[in-house]
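Note that the working numbering has the first sequence beginning at 1389, numbered continuously upward.
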Amino acid sequence: MSATQASWMDRQEYVEIIPPPDFSFRECLIFLSRSDEEIMHTIQGECIYKALSLSERSGQGEAGCMLLLKITYTNHRTLHITFPEQQPSDTERALAAQYVMEWFDLDKDLEAYYQLGAKDSLLAPLITRYRGLRVIGIPELFEALVWAVAGQQIHLGLAYRMKRNLVQQYGRDICIEGTQCWLFPEPAEIAVLEPEDLRPLKFTTRKAEYIIGIARQIAEGSLSRSELLQLDPQQARDRLLAIRGVGAWTADYVRMKCLRDPLAFPIADAGLHQAIRAQLSLPHKPEMAELEAWGTRWAGWQAYATFYLWRSLYDERG
DNA sequence: TGCCAGGAATTGC
DNA sequence: GCAATTCATGGC
């Protein structure tokens, strides 16, 4: 096992993850705390609480089967996952470890990114400031797609409200140590709805149609993360674009956050444009040709460059 | 009050 | 095949 690689071990009392050297738990907390409206995890001080669904992963479809994770960072610079609610099986503990590794992108070696970034006028200050920040993902495909479709909304606040409403209406929750944790609704539960059902949750009729359509494809098995991961990146993008409601921005966002494609580059993203403009003090948003030139410079690391630029927006607003 | 915001589909030329 | 329009809420 090389020192630049993450690993995990089952210590019985807890599951221990040894992160790679370029890992900042503080940056994880900052990112995960970015909105008070977020419902899919809870931050309590330095702890992250997160509920995982066991039914859809094991394929048993057993109701009420969820796993609650409490994630902390120790002074030995390791991540500890504990299970405040129950004593999970070895398989479930392994699942938890894999989820966290995936969520925080711990398998990635960022050295090449930092070498590239150091020579890049736009990225250089950001890689110094946010060193150890990793692309925080959305491992579940349905959740990633729903969040992306919600994120097409005019206001980010509205997108959060849409997701919160959907989760509180159709998801399951658990309350432990005074903390409420939610599971994202199963695709099968949304697949049977009609667009009118989602209108009161602040979804437009269009977006309600998109989300139900996506839920149906996933529920019937014609769309899955594992299938997308088997395709080459371009084919995966085309497959996503074939979904109604998924345009270039959404396809690239999902590639970045769920499929973990480092080449994913949501080039038309408004936040990306704002961030570049602010970093370079441009009088107006960058032109498309200019954005393409940046993308070429960041070849292989477009997703990371984009994520670091998004991160810079939180500093802009204080 | 009226304008503008982000992204995708739909409509119009 | 493009550009223009529609969707529809909320902040300024």
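Ideal Cβ positions, reconstructed from N, Cα and C, are used throughout, including at glycine.
What you are looking at is a predicted structure, and each value in this text was computed from that prediction instead of being measured.
Chain-order list of residues whose beta-carbon lies under 7 Å from that of residue i (same chain, five-residue window excluded)
i        : result
Pro-1583 : Thr-1593, Ala-1596, Glu-1597 and Ile-1600
Arg-1481 : Asp-1398 and Val-1403
Pro-1527 : Tyr-1487, Glu-1490, Trp-1491 and Cys-1646
Arg-1627 : Leu-1616 and Leu-1619
Arg-1517 : none
Where residue i sits in the DSSP three-state scheme
i        : result
Gln-1432 : strand
Thr-1567 : strand
His-1661 : helix
Glu-1450 : Bear in mind that a pLDDT of 47 at Glu-1450, under 50, signals an unreliable position, so the number given afterwards is only what the model happens to contain. Here Glu-1450 sits in coil by DSSP.
Asp-1497 : coil
Arg-1445 : Its pLDDT being 48, under 50, Arg-1445 is placed unreliably by the model, and nothing is read from it.
Ser-1700 : helix
Lys-1595 : helix
Tyr-1437 : strand
Ile-1707 : No answer is possible for residue 1707: the residues shown for the chain start at 1389 and end at 1706.
Pro-1621 : helix
Phe-1413 : helix
Glu-1490 : helix
Lys-1507 : coil
Lys-1673 : coil
Phe-1572 : coil
Leu-1629 : helix
Residue from the options whose Cα sits closest to the Cα of residue i
i        : options                                   : result
Ala-1636 : Cys-1646, Arg-1625 and Lys-1645           : Arg-1625
His-1401 : Pro-1588, Glu-1615 and Leu-1457           : It should be noted that the sequence gives Glu, not His, for residue 1401. Measuring from the Cα of Glu-1401, the nearest candidate turns out to be Leu-1457.
Trp-1570 : Glu-1531, Val-1580, Gln-1541 and Pro-1588 : Glu-1531
Leu-1521 : Ile-1655, Gly-1688 and Phe-1413           : Phe-1413
Ala-1579 : Glu-1608, Cys-1453, Thr-1567 and Thr-1684 : Glu-1608
Thr-1638 : Asp-1620, Ala-1658 and Leu-1619           : Ala-1658
Ala-1576 : Val-1555, Ala-1439 and Gln-1605           : Gln-1605
Residue j beta carbon less than 8 Å from that of residue i
i        : j        : result
Asp-1497 : Pro-1407 : no
Ser-1700 : Ala-1663 : yes
Tyr-1501 : Tyr-1692 : yes
Leu-1533 : Ile-1602 : yes
Glu-1473 : Ile-1564 : yes
Leu-1455 : Ala-1484 : yes
Ala-1719 : Tyr-1641 : Missing from the structure shown is residue 1719; the chain here goes from 1389 to 1706 and no further.
Leu-1670 : Leu-1510 : no
Gly-1525 : Asp-1495 : no
Leu-1417 : Glu-1434 : yes
Met-1550 : Leu-1589 : yes
Met-1644 : Ala-1652 : yes
Val-1523 : Phe-1411 : no
Arg-1685 : Pro-1674 : no
Arg-1552 : Glu-1425 : yes
Thr-1430 : Thr-1567 : yes
First through last residue of the beta strand (DSSP E) which encompasses residue i
i        : result
Tyr-1461 : 1454 to 1461
Ser-1395 : 1395 to 1398
Val-1403 : 1403 to 1406
Ile-1716 : It is not possible to answer for residue 1716, since the shown part of the chain is limited to 1389 through 1706.
Own chain, CB closer than 8 Å to residue i, minus 5 neighbours either side, in chain order
i        : result
Thr-1392 : Pro-1408, Pro-1409, Asp-1497 and Glu-1499
Ala-1506 : Ala-1512 and Ile-1515
Arg-1560 : Gly-1452, Met-1454, Trp-1570 and Leu-1571
Residues near residue i by beta carbon distance below 6 Å, same chain, minus five either side
i        : result
Ala-1451 : Low per-residue confidence applies at Ala-1451: pLDDT is 45, beneath 50, and the placement is therefore not dependable enough to give any value.
Gly-1633 : Val-1537 and Tyr-1598
Gln-1541 : Ala-1547
Gly-1447 : Residue confidence is low: Gly-1447 scores 46 on pLDDT, short of 50, so the model does not pin down where it sits. Its coordinate-derived value is still stated next. Closer than 6 Å at Cβ, skipping near neighbours: no residue.
Ile-1649 : It is worth fixing the name first, because residue 1649 is Asp in this sequence and not Ile. Taken in chain order, the residues that qualify are Pro-1621 and Arg-1643.
Asp-1478 : none
Bounding residues of the alpha helix (DSSP H) (the contiguous stretch that carries residue i)
i        : result
Tyr-1558 : 1544 to 1558
Met-1676 : 1676 to 1685
Phe-1653 : Phe-1653 -> no alpha helix (DSSP H), and no H or E assigned at all.
Gly-1539 : 1529 to 1539
Tyr-1641 : 1636 to 1642
Arg-1522 : Where Arg-1522 is concerned, there is no enclosing alpha helix (DSSP H), given that its DSSP letter is neither H nor E.
Any non-hydrogen atom of the ligand NAD closer than 7 Å to residue i Cβ
i        : result
Ile-1459 : Of ligands this structure carries none, so the ligand NAD is not represented either.
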